[in-house]
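Engineer: Handing you this structure, nothing more for now.
Number of protein chains: 2
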Amino acid sequence: MTHERASSRRTTRQLALVLDAVQASGIEHPTADRVFRHVRRVLPTISLGTVYRNLQRLVADGRISAAPLGARVVRYDPTPTPHDHFVCQDCGRIEDITVSRSSGGVRAARRAGHEVSSHALVLYGRCRTCRGARRLSE
Amino acid sequence: MTHERASSRRTTRQLALVLDAVQASGIEHPTADRVFRHVRRVLPTISLGTVYRNLQRLVADGRISAAPLGARVVRYDPTPTPHDHFVCQDCGRIEDITVSRSSGGVRAARRAGHEVSSHALVLYGRCRTCRGARRLSE
DNA sequence: CTCGGTGCAAAGGGTTTGCATACAT
DNA sequence: ATGTATGCAAACCCTTTGCACCGAG
Numbered sequence: 002m003t004h005e006r007a008s009s010r011r012t013t014r015q016l017a018l019v020l021d022a023v024q025a026s027g028i029e030h031p032t033a034d035r036v037f038r039h040v041r042r043v044l045p046t047i048s049l050g051t052v053y054r055n056l057q058r059l060v061a062d063g064r065i066s067a068a069p070l071g072a073r074v075v076r077y078d079p080t081p082t083p084h085d086h087f088v089c090q091d092c093g094r095i096e097d098i099t100v101s102r103s104s105g106g107v108r109a110a111r112r113a114g115h116e117v118s119s120h121a122l123v124l125y126g127r128c129r130t131c132r133g134a135r136r137l138s139e
Numbered sequence: 002m003t004h005e006r007a008s009s010r011r012t013t014r015q016l017a018l019v020l021d022a023v024q025a026s027g028i029e030h031p032t033a034d035r036v037f038r039h040v041r042r043v044l045p046t047i048s049l050g051t052v053y054r055n056l057q058r059l060v061a062d063g064r065i066s067a068a069p070l071g072a073r074v075v076r077y078d079p080t081p082t083p084h085d086h087f088v089c090q091d092c093g094r095i096e097d098i099t100v101s102r103s104s105g106g107v108r109a110a111r112r113a114g115h116e117v118s119s120h121a122l123v124l125y126g127r128c129r130t131c132r133g134a135r136r137l138s139e
């Protein structure tokens, strides 16, 4: 039993290219639209709808992950395993953060009687690069 | 200098009622639409646009806070100071969590050279009440 | 009397979906 | 041949905005 697989059926060029785009270095934590524009350079006929459908499928299949960072747009991440993020409020760069262990919040929730199964942590601040730039410009 | 205040000019019935709705017990972390429907019971002519404008203003004035929980909708919170949330994946209830100390993620980010100024933490799981219900039904 | 706030309705941005067709199996 | 994935465009959902009127100060 539990043969792992879930949705994946056919392998299409579109699916492969969408996965490639999310995993492409140079595009970090892309939005669906960014993936769309990237794939279109290679396959000009692909549609936005198809990009969304394939992104959903890749997430469902555990091949990538979706992170509702910021507010409105979903960001896609080539790393499928749970992890957190740091967002630079100057340059907008998003970096993966490896949190070693459950944070203080988990303890607080457990104390309140809740059972915590997962979490989403986003840190905001100024990244290493922007801190350096700021130092230089003053 | 820094005399705190920012936008607030005129006091309207609409503004007061929107604030009341967010602070009303029984409505927890309401969405803009929920606030709209609540206020409309008292002031049937209020418009959704006005609700959004007043919510924005209250947030800007530091009288309430906005939390981009889940994915699509913004939730409003009567507590204006920074804090975190627990979301029950069974009943949907959202509870404020008081995190005593900066989590492990902050340390990881600092180690990477970033300057962390704020964060957003959302814990997912099963709340105290739902855990009890589950126990009873099995 | 002023000009900021309101109501209305249309516009916007991101994401989803219905449908006929194309294509992987 | 069979039915899933695609492309297209319309629909959706939440939120924002333009504009003329209203009303707090």
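Chains as they are written, first to last, in the working numbering: chain A, 2 to 139; chain B, 2 to 139. Cβ coordinates follow ideal geometry from the N, Cα and C atoms, glycine included. Computed from a predicted structure; not experimentally measured.
So, is the C-beta of PRO69/A closer than 7 angstroms to a C-beta in chain B?
Structural biologist: Position 68 of the first sequence, counted from the first residue, corresponds to residue 69/A. It does; some Cβ of chain B falls within 7 angstroms.
Engineer: Is it buried or exposed, PRO79/A, if we count other Cβ atoms within 10 angstroms and call 16 or more buried?
Structural biologist: Translated into the one-based positions of the first sequence, residue 79/A becomes position 78. Flag for PRO79/A reads buried.
Engineer: Under 7 angstroms, CB to CB, which of the residues in the stretch 109 to 125 of chain B have a partner in chain A?
Structural biologist: Against chain A - using a Cβ distance shorter than 7 angstroms - the residues of the stretch 109 to 125 of chain B are ALA109, ALA110, ALA113, GLY114, HIS115, GLU116, VAL117, SER118, SER119, HIS120, ALA121, LEU122, VAL123, LEU124 and TYR125.
Engineer: Using a threshold of 7 angstroms, state whether the C-beta atoms of GLY133/B and LEU122/A are closer than that.
Structural biologist: Position 132 of the second sequence, counting from 1, holds the residue named residue 133/B. Position 121 of the first sequence, counting from 1, holds the residue named residue 122/A. For GLY133/B and LEU122/A, no; Cβs fall outside 7 angstroms.
Engineer: Using 8 angstroms as the threshold, is the stretch 82 to 95 of chain A in touch with the stretch 88 to 100 of chain B, meaning 3 or more CB pairs across them?
Structural biologist: Flag = no, the stretch 82 to 95 of chain A and the stretch 88 to 100 of chain B do not touch.
Engineer: Could you check whether the stretch 108 to 124 of chain A touches the stretch 68 to 87 of chain A, counting it as contact only if at least three pairs of C-beta atoms, one from each stretch, sit closer than 8 angstroms?
Structural biologist: Enough Cβ pairs lie closer than 8 angstroms, so yes.
Engineer: Is any beta-carbon of chain A found at less than 7 angstroms from that of ALA72/B?
Structural biologist: Taking the second sequence and counting its residues from 1, one reaches residue 72/B at position 71. So yes, ALA72/B belongs to the interface.
Engineer: Counting only beta-carbon atoms, is VAL100/A nearer than 7 angstroms to chain B?
Structural biologist: Residue numbering aside, residue 100/A sits at position 99 when the first sequence is read from its first letter. Closer than 7 angstroms to some Cβ of chain B, the Cβ of VAL100/A qualifies, so yes.
Engineer: Check the DSSP bridge columns for SER66/A and list the partner residues they point to.
Structural biologist: For this step, residue 66/A is matched to residue 65 along the first sequence. Looking at the DSSP assignment, SER66/A forms a beta bridge with ASP78/A.
Engineer: In chain order, what residues of the same chain lie with their CB nearer than 8 angstroms to the CB of HIS39/A, ignoring the 5 residues before and after it?
Structural biologist: Residue mapping note: residue 39/A aligns to position 38 of the first sequence, counting from 1. Correct list, in chain order: ALA22, ALA25, ILE28 and PRO31.
Engineer: Tell me which same chain residues have a C-beta within less than 6 angstroms of the C-beta of GLY63/A, skipping the five on either side of it?
Structural biologist: Residue numbering aside, residue 63/A sits at position 62 when the first sequence is read from its first letter. Once the five neighbours on either side are set aside, the close Cβ partners of GLY63/A are PRO81.
Engineer: Determine the DSSP secondary structure at HIS39/B, reduced to helix, strand or coil.
Structural biologist: Reading the second sequence from its first residue, position 38 is the one you call residue 39/B. In the structure shown, HIS39/B sits in a helix (DSSP, three-state: H, G or I).
Engineer: For the stretch 28 to 43 of chain A, list every residue whose C-beta sits within 8 angstroms of some C-beta in chain B, in sequence order.
Structural biologist: Within the stretch 28 to 43 of chain A, no residue has a Cβ that lies closer than 8 angstroms to any Cβ of chain B.
Engineer: Do you know how far the Cα of HIS84/A is from the Cα of GLY114/A?
Structural biologist: Locating residue 114/A in the first sequence gives position 113, counting from the first residue. Locating residue 84/A in the first sequence gives position 83, counting from the first residue. Answer to the nearest angstrom: the Cα atoms are 24 angstroms apart.
Engineer: Between ARG127/B and chain A, is the shortest Cβ-Cβ distance under 7 angstroms, so that the two count as touching?
Structural biologist: What you label residue 127/B is simply residue 126 of the second sequence in a count that begins at 1. It does; some Cβ of chain A falls within 7 angstroms.
Engineer: Against chain A, with Cβ distances strictly below 7 angstroms, would GLY106/B count as a contact?
Structural biologist: Taking the second sequence and counting its residues from 1, one reaches residue 106/B at position 105. Chain A contact via Cβ: present.
Engineer: Which residue wins for smallest C-alpha separation from ARG1/A, given the options ARG58/A, TYR53/A, PRO45/A and LEU49/A?
Structural biologist: Within the shown structure, residues of chain A are numbered from 2 to 139, placing residue 1/A beyond reach of any answer.
Engineer: Quick check: the Cα distance between CYS128/B and GLU116/A, rounded to an integer number of angstroms?
Structural biologist: Sequence index remark: in the second sequence, residue 128/B carries index 127 (1-based). Sequence index remark: in the first sequence, residue 116/A carries index 115 (1-based). Taking the straight line from one Cα to the other gives about 6 angstroms.
Engineer: Opposite GLU116/B in the DSSP bridges: which residues?
Structural biologist: Taking the second sequence and counting its residues from 1, one reaches residue 116/B at position 115. Answer by DSSP bridge pairing, in chain order: ARG127/A.
Engineer: Measuring alpha carbon to alpha carbon, tell me which of ILE65/B, VAL74/B and VAL19/B ends up nearest THR51/B.
Structural biologist: As a first step, residue 51/B is located in the second sequence; it is residue number 50 there, counting from the start. Checking every option, the nearest Cα to that of THR51/B belongs to VAL19/B.
Engineer: Take LEU16/B as the anchor and find which of ARG42/B, ASP34/B, ARG35/B and ILE47/B has the nearest alpha-carbon.
Structural biologist: As a position in the second sequence, residue 16/B is number 15, starting the count at 1. The option with the nearest alpha carbon to LEU16/B is ILE47/B.
Engineer: For VAL19/B, which three-state DSSP category applies?
Structural biologist: Counting from one through the second sequence, the residue named residue 19/B turns up at place 18. Of the three classes helix, strand and coil, the one that applies to VAL19/B here is helix, per DSSP.
Engineer: Let me know if THR3/A comes out buried or exposed under the rule of 16 or more other beta-carbons within 10 Å of its beta-carbon.
Structural biologist: Residue 3/A sits at position 2 when you count from the first residue of the first sequence. Per-residue confidence for THR3/A stands at a pLDDT of 43, beneath the threshold of 50, marking its modelled position as unreliable; no derived number is given.
Engineer: Using the rule of at least 16 other Cβ atoms within 10 Å of the residue's Cβ for burial, across every protein chain shown, is VAL74/A buried or exposed?
Structural biologist: Reading the first sequence from its first residue, position 73 is the one you call residue 74/A. That one is exposed.
Engineer: Output the boundary residues of the alpha helix (DSSP H) element that contains VAL88/A.
Structural biologist: Indexing the first sequence from 1 puts residue 88/A at position 87. Not the alpha helix (DSSP H): VAL88/A falls in the beta strand (DSSP E), residues 85 to 89.
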